[in-house]
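Taking it in order: structure first as structure tokens, then the write-up.
There are 2 protein chains.
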Amino acid sequence: MNVFDAVRTKRAVRQFSDRPISEDDLIKILNAGRWSGSSKNIQPWHFVVLRQRERLIALSQCGQFAGHLAGATVGVALVTGDWRERWPVAFDLGRAAQNMMLVAHEMGIGSVMANIYEIEQARALLGLPPELMCYAAISFGYPADPAELQRPPRAGGKRPLADVVHWEHW
Amino acid sequence: MNVFDAVRTKRAVRQFSDRPISEDDLIKILNAGRWSGSSKNIQPWHFVVLRQRERLIALSQCGQFAGHLAGATVGVALVTGDWRERWPVAFDLGRAAQNMMLVAHEMGIGSVMANIYEIEQARALLGLPPELMCYAAISFGYPADPAELQRPPRAGGKRPLADVVHWEHW
Chain A
1 MNVFDAVRTK RAVRQFSDRP ISEDDLIKIL NAGRWSGSSK NIQPWHFVVL RQRERLIALS
61 QCGQFAGHLA GATVGVALVT GDWRERWPVA FDLGRAAQNM MLVAHEMGIG SVMANIYEIE
121 QARALLGLPP ELMCYAAISF GYPADPAELQ RPPRAGGKRP LADVVHWEHW
Chain B
171 MNVFDAVRTK RAVRQFSDRP ISEDDLIKIL NAGRWSGSSK NIQPWHFVVL RQRERLIALS
231 QCGQFAGHLA GATVGVALVT GDWRERWPVA FDLGRAAQNM MLVAHEMGIG SVMANIYEIE
291 QARALLGLPP ELMCYAAISF GYPADPAELQ RPPRAGGKRP LADVVHWEHW
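The listed protein sequences correspond, in order, to chains A and B.
For the first sequence, the numbering used here begins at 1 and goes up steadily by one.
For the second sequence, the numbering used here begins at 171 and goes up steadily by one.
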């Protein structure tokens, strides 16, 4: 799959099948995140990989819209310092997450983001030291409905180019 | 180019040739950003495209390490609300930026991020309304040295997998 098609066809997948993700494919996904560029090459990330069902369920309870983690084959918790204090960190986490989700998509593995709002609950679950936090996690898995990966974009789902792009000036 | 190879071989390119970026290719890059997923599908972005040399130079003066924008063929200023108040916005901007840079890389077009620190100066240059800001911009262009696109990763440039990835628990 070329990059343009991957970007064009990537959809959020929230319901997953029981089909396992191979260790090789999981390592590819994690490397895709690890290889991402970051401001001053700080690489301000740790990835905590969850595959135990009860732990995925517990993480799913740390955000209002994080329920999909309960059924994920693999959850990847994105861990960093306090990014409220240094916004480029959140930006860089987004870059790494996008790398992981696009590489997964190319392999037929669906994914979707979850924001984590219960910071202390997630810290306890993941066993994080006080200076680190988990603000976001990614669910990965083969889609429960394989047609999901070819699902056409919803009409009107994205703002039109003319609304988003400005030439030289606002 | 498949996604995995694009992610694996993407390098920051800071020096650009005079070769223009075609309108078609530029639209592909912008669409790649526009199509990115975002929290609650808010799509919290505007892209201001700069191609006039004096404007690129002016934007390059809005950040300490943004000098590469002065020589870019195209600069894309990422514009949004105040993301210090809502961190998922910075995360989503990072996702959109990564989409754009990976699609550019596939087409042989180099890119690199710049953080914008002179928020008011950038706002005046771009003509932004008071509620919008530019915190980051991307330089795009064909590399001055085409070998840049095949440049092997610097040894030790990325933290090893065992340092980044944790299994089930910190």
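For each residue, glycine too, the CB sits at the ideal point set by N, CA and C.
The structure displayed is predicted, hence computed values, not measured ones.
Item	Value
Please decide whether S39 (chain A) counts as near chain B, where near means a Cβ-Cβ distance under 8 Å.	yes
Whose Cβ in chain B lies nearer than 9 Å to the Cβ of D24 (chain A)?	Those do not exist, as D24 (chain A) stays about 12 Å from chain B at its closest Cβ, beyond 9 Å.
Report yes or no: do three or more beta-carbon pairs, one from the region 160-170 of chain A and one from the region 175-191 of chain B, lie closer than 8 Å?	no
Cα separation between L298 (chain B) and L229 (chain B)?	13 Å
Residues of chain A with CB under 8 Å from F174 (chain B), in chain order?	K28, A32, V103, E106
Spatial neighbours of S17 (chain A) within its chain, please: CB distance less than 6 Å, with the 5 preceding and 5 following residues excluded, ordered by chain position.	Y142, A144
Flag Q169 (chain A) as yes if its beta-carbon sits less than 8 Å from any beta-carbon of chain B, otherwise no.	According to the sequence provided, residue 169 (chain A) is His. The question's Gln does not apply to it. By this cut-off, H169 (chain A) is an interface position.
Could you confirm whether any beta carbon from chain B is found closer than 8 Å to the beta carbon of P44 (chain A)?	no
Quick check on the DSSP output: what are the complete beta strand (DSSP E) runs of length 3 or more inside the region 57-143 of chain A, in order along the chain?	74-80, 110-115, 133-141
At which residues does the alpha helix (DSSP H) containing F4 (chain A) begin and terminate?	3-9
Which residues in the same chain have their Cβ closer than 8 Å to the Cβ of V79 (chain A), if we skip the five residues on either side of it in sequence?	W45, H46, F47, V48, L126, L128, L132, M133, C134
Do G207 (chain B) and M100 (chain A) have their C-beta atoms within less than 8 Å of each other?	no
Just the C-alpha distance for I119 (chain A) and D194 (chain B), rounded to the nearest angstrom, thanks.	44 Å
Find out if the Cβ-Cβ distance for the pair L220 (chain B), A260 (chain B) is shorter than 8 Å.	no
According to DSSP, is V49 (chain A) part of a helix, a strand, or is it coil?	strand
What does DSSP give as the partner residues of A12 (chain A) in its beta bridges?	A:S111
Among A:V74, A:Q43, A:D92, A:A136, which one has its Cα closest to the Cα of Q121 (chain A)?	A:A136
Would you mind giving the Cβ-Cβ distance between K158 (chain A) and R265 (chain B), rounded to the nearest angstrom? I have them listed as a contact below 8 Å.	With a Cβ gap of about 13 Å, K158 (chain A) and R265 (chain B) do not count as contacting.
Which residue or residues does DSSP assign as beta-bridge partners of V164 (chain A)?	Answer is none; V164 (chain A) lacks a bridge partner.
For K28 (chain A), which of helix, strand or coil comes out of DSSP?	helix
When we look at the beta-carbon of I138 (chain A) and count the other beta-carbons within 10 Å, is it buried (16 or more) or exposed?	buried
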